[in-house]
Amino acid sequence: MSTIGPYSATGVGRPSLARTLSETRSQLDDLLTQLATQKKSSTYAGLGAGRTTSLAMRARLEAIESYDSVGKTVSTRINMMSTALTAISNLGSEYKTVDPNDFQLTSGGVSIQQAQARTDLQEAISYLNTEIDGRYLFSGRSTDVKPVLSADKILADDGEKAGLRTVIDERRLADLGSDGRGRIDVSELAGGAFSVSEEASGPFGLKIASLSSTMTGATATGPEGDPAAITLGVSGAPNDGEQIRIGLTLPDGTSTEITLTARVDPSATLQGGDFRVGATPEETAANMRAAFDAALAKTADTALVAASAMQAGEEFFNTPAGAEPARVAGYDGAYASDAERIAALQNASGLTTTGTAARTVDWYQGEDAGDDPRNTAAATVADGVTVGYGARANEDGTRRLVQTLAVFSSMTFSSSDANAQARYSALASRTATTLGSAEATADVKTIATGLAGANSAIKAASERHTAAKAIAEDAISGVEAVDQEEVSLKILSLQTSLQASYQVTSTLRQLSLVNFL
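In terms of the numbering used here, the sequence shown opens at residue 816 and continues consecutively.
Rendered as structure tokens:
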């Protein structure tokens, strides 16, 4: 068969023109798609050797986005916790300036400052019960459990379970003893002297700590023995203003002092602890004993009761992980009458932690395994970087605030009680000292500092992620993105080639034997 021109009629031996046009057109379509999408290919296979880099970098970006998402969530929680801790710290600092002499009672038998403390207690509890998306932030690992009971439930009894007020009352009775003198016995006068001794009452009541005297002709020996005892009296005539000082330790570990002061002037008005110098040493010693006994009874009804309440609060709130709260031993609620209950408590000789959880309100409801609270919640925010940001409401700083406000607001007073103001003053002073102490501030700051460290780690990780993300995106762009100028030139070249091919094709379609001849 004859041939026409350079192309065979059958196309044997070289690509057909139609196939060439089709391939060129396909190349042009690919280039136009690249220009429109700015991508070399819509599939990883089309990237050739660059697909490994693309896959690896995209996986890296997904990991970074996941880390950043976790970091943002955790950072939000930490910021909420930090806000709560700041508010709690500010609440506590307000009590540094509580005036112990401002004794204005409301109709409820509490001072104005106590009423405010009750409001602040409720506010502090609301901060510790902070919740985000169903997650309680101060409940340790039990994130679905509200960590702190309401103020009402903490203070009041719950069926057979004793609330704070009952625990305080039990401890008060045990510390005062049956005669209301703080478990201190004062003997009768014998030979111009009398003895003062502790009862063998375990942790309860007053403890004799020291004795000093500047009094002429005084008898002042001790303390000695176990239980401790001292001997007081006179063998001569003391001078006016001379003193004997008896140091006492209170149930909460604080100290107080009874000062006995000789007064020679028979017309002088006697203050607490003052006694008149009589005509004989025996008369003077009797006056000294009466002054001491009165001062002891007042100390017991004021400073001792306030200290007892603070110690009861410590035993109610500060319970080690897995342990039961400490309660006065010897009374289990089974007595037939209130008189029997009171007598059992007044004569108690120790504390017990056996079976007390079943009959004591548990103010903290969250998880408490005893380990580092920060480890109760953890999040991985970068490769090899895990931050701990857990917290428990019963940590020392937050627990101390709730405890002190609860004790301060729970006690009531009567304007007809001669010792009420002195008792209130002792309680208010302890509240101010506890909440205004450097220890209280430091403990809250310790929690806040741990959380701030976690937040700093998240921020640092985020900054590293920003840099790593830019590198990954550059790497992906390098293998996936097209050079617009290069693609445009290729398109122009293919368009020119196609145009020429179309012209050739058109000419060949018009070719015939007649035209050829």
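Backbone N, C-alpha and C fix where the C-beta goes; we use that ideal spot for every residue, glycine too. A quick note: this is a predicted structure, and the numbers were derived from the prediction, not measured.
_I believe A1035 touches S1070 by the beta-carbon criterion, under 8 angstroms. Please report the beta-carbon distance rounded to the nearest angstrom._
Contact doesn't hold; Cβ gap of about 18 angstroms is too wide.
*Look at K1260 and G1203 and say whether their C-beta atoms are less than 9 angstroms apart.*
no
_Segments of 4+ residues assigned as alpha helix (DSSP H) that fall wholly inside the segment 1117 to 1183_ = 1120 to 1132 and 1153 to 1161
_Rounded to whole angstroms, what is the Cα-Cα separation between G1056 and G1088?_
11 angstroms
_Using a Cβ distance threshold of 8 angstroms, determine whether the segment 1116 to 1128 contacts the segment 1065 to 1084, with at least three qualifying pairs required._
yes
*asked:* Could you pull the DSSP bridge partners for T1046 from this structure?
replied: S1010 and T1036
*In the DSSP assignment, what residue or residues form a beta bridge with A1193?*
G1203
_Cα-Cα separation, Q1236 to K1274_ = 53 angstroms
*T1029 classed as buried or exposed, judged by whether at least 16 other C-beta atoms fall within 10 angstroms*: exposed
*Which whole-angstrom value describes the C-beta separation of S957 and G1181, a residue pair presumed to lie in contact below a C-beta threshold of 8 angstroms?*
5 angstroms
*When we look at the beta-carbon of S1230 and count the other beta-carbons within 10 Å, is it buried (16 or more) or exposed?*
exposed
*Taking the C-alpha atoms as reference points, what is the distance between P1038 and V1092?*
25 angstroms
*So G1051 and T1031 are in contact, right, with Cβ under 8 angstroms, and what is the actual spacing, rounded?*
6 angstroms
*I1157 versus D994, Q928, T1246 and A1184, residue with shortest Cα-Cα distance*: D994
*Leaving aside the five residues before and after R986 along the sequence, list all residues of the same chain whose C-beta is less than 7 angstroms from its C-beta, in chain order.*
S1123, Q1126, A1127 and V1143
*Helix or strand or just coil, what does DSSP make of T1256?*
helix
*asked:* Once DSSP output is grouped into helix, strand and coil, what is the label at E1098?
replied: helix
*Please list, in chain order, all residues of the same chain as L1075 whose beta carbon is under 7 angstroms from its beta carbon, the five residues on each side excluded.*
Q1058, I1059, G1088, F1090, M1103, A1106 and F1107
*G974 versus A1008: straight-line alpha-carbon distance, rounded*: 51 angstroms
_Pairwise C-alpha distance: L900 and A939_ = 9 angstroms
_Range of the contiguous beta strand (DSSP E) that encloses D1089_ = D1089 to R1091
*Output yes or no for whether 9 angstroms exceeds the beta carbon distance between L1250 and A1101.*
no
*If you draw a straight line from the alpha carbon of I1045 to that of I903, how long is it in whole angstroms?*
46 angstroms
_Comparing C-alpha positions only, which one of G907, A1115, P1096 and A1172 sits nearest to E1139?_
A1172
*Beta-bridge partners of E1072, as assigned by DSSP*: G1062
_Taking only three categories from DSSP, how would you classify K1022?_
strand
*S897 versus T1256: straight-line alpha-carbon distance, rounded*: 14 angstroms
*Would you give the residue range spanned by the beta strand (DSSP E) that D984 belongs to?*
It is not in any beta strand (DSSP E) - D984 instead sits in the alpha helix (DSSP H) that spans L979 to L991.
_Within the continuous beta strand (DSSP E) that includes V1001, where are the two ends?_
I999 to V1001
*Apart from the five residues just before and just after S1164, which ones in its own chain have a Cβ nearer than 8 angstroms to its Cβ?*
A1015, S1016, G1017, F1019, A1144 and G1145
*Using the beta-carbon count (16 or more within 10 Å), is Q919 buried or exposed?*
exposed
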